[in-house]
Every structure is written in C-alpha cells, then in structure tokens.
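Encoded as structure tokens, the structure appears first; notes follow it.
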Amino acid sequence: MKAVVIYESRTGNTARAAQLIGAELEARGCETEVFPTRGVDLKTLAEADIAIVGTWTDGAVLFGQRPGGGGNIAKYLPMMWDKPTYGFVTYALRAGNVLRGLNTLLRSLGADMRGGLELHRKHLETDAADFADAVLSAYQPANR
Ligand SMILES: Cc1cc2nc3c(=O)[nH]c(=O)nc-3n(C[C@H](O)[C@H](O)[C@H](O)COP(=O)(O)O)c2cc1C
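Numbering (my numbering), first residue to last: 4 to 147.
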C-alpha cells in the first residue's frame, strides 16, 4: 500500500505533523512520501492508494476559521479523481469548522473524502500516531 502526505504550512507545525504522520505510516508498512503543496509530485500522487492533505487553522483564534493556505491547495493540487483522501489540520486553540472547510475544498477537486483529524500543535506526536492507526484500519480500496 502507498500513501502520499501533502501539507500547507506557515510556521512549521503542519510540516512537522506531515513528517510525523508519514513516519508513523512507514512504521506500519505503508510506503509513504511527504510533499509541501507546492512541490507535490503528480506521478507519486497518482500512484498512491490514499492521499492525506493537511493545513493549518487560519482565523481570529475563536471564530472565522478557514484552511490556511487554502488558495495554494486549490492552485497546486490536481484533480483528485476519487482518490481516497483524509484531511488534517493543526491548530492552537480552536479549529472551528476548518476541517469541514478543508473537506469541502478537497471534494471540489474530486477527492473521495474518508475522514480527517484536528491535531493540537502541542500534541503532534501522539495525534500523528493515532491518525496513522485510524487511517490504516479504516482503509478500504475504492470500489471500481
Ligand atoms: C494568522 C494566523 C491565524 C491563526 N488563527 C488561528 C485560529 O483561529 N484558531 C487556532 O486555533 N489557531 C490559529 N492559529 C494558529 C495556527 O493554526 C497553528 O499554530 C498551526 O499549528 C500553524 O501551523 P503551521 O506552523 O504549519 O503554519 C493562527 C495562526 C496564524 C499565523
């Protein structure tokens, strides 16, 4: 099984979360490559069984949250053509509806959204391990 983890990050937390998730997936036998949104390798993405896309929470701390760098996700990711996809977001205090916003954005690219997780920026290690477990135990190939 192959996975690709793609992230948008402003101050490094989501990049770190992406690397941690990638390492946890590798440790569970899933071949995984990690890319920033702008550097995504389209062939690797096309060949991956699952995609995991992460971003950060951009808002006014308690309200108005939206996916950080959402414009870059829309700009640099190709159409996802029913790729089984999971979203994740990092946040500091309250993620609000940002995961829902990320799901909507990825769905608009054609991704088959299977779920997602909010990771508090102070608990990235434990949350990344839990996320890898959840993704792999829930994974079922696309029904085609
Ligand atoms: C401009 C800006 C707005 C933010 N708004 C929120 C917010 O509304 N709620 C929240 O929980 N965290 C908020 N944060 C915190 C970030 O989402 C959090 O630190 C995240 O892990 C940053 O990811 P990054 O290091 O990958 O950029 C904000 C950070 C910035 C820079």
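From the three backbone atoms N, C-alpha and C, an ideal C-beta is built for every residue, glycine too.
Per-residue DSSP class, three states only, for residue i
i: V8; result: strand
i: A149; result: As displayed, the chain neither begins before 4 nor continues past 147, which places residue 149 out of reach and without an answer.
i: R31; result: coil
i: G15; result: coil
i: A98; result: coil
i: R147; result: In this prediction, R147 has a pLDDT of 49, which is less than 50 and means its spatial position is unreliable; what the coordinates show is noted afterwards. Looking at R147 - three-state DSSP - the assignment turns out to be coil, as it is neither helix nor strand.
Distance cut-off 8 Å: residue i Cβ against heavy atoms of ligand 2
i: Q22; result: With respect to small molecules bound, the structure shown includes ligand 1 and not ligand 2.
Counterpart residues of residue i in DSSP-defined beta bridges
i: P39; result: Y10
i: R69; result: D61
i: A54; result: V7, T88
i: T93; result: W59, L122
Residue i - containing beta strand (DSSP E), residue span
i: F134; result: Run containing F134: none in the beta strand (DSSP E); it sits in the alpha helix (DSSP H), 127-141.
i: R117; result: 115-123
N-terminal and C-terminal residue of the alpha helix (DSSP H) that residue i is part of
i: N106; result: 101-111
Report task. Could you tell me whether the segment 128-143 touches the segment 97-113, where touching means 3 or more Cβ pairs closer than 8 Å? Result -> no
**Report entry** the segment 30-45 contacting the segment 111-121, beta-carbon criterion three pairs below 8 Å
**Finding:** no
Query raised in the report: Counting pairs of Cβ atoms below 8 Å between the segment 86-102 and the segment 55-62, do you hit three or more?
Result: yes
Query raised in the report: Are the segment 67-74 and the segment 21-39 touching, with three or more C-beta to C-beta distances below 8 Å?
Result: no
**Report entry** Cβ contact check for the segment 117-132 and the segment 70-84: 3 or more pairs under 8 Å
**Finding:** no
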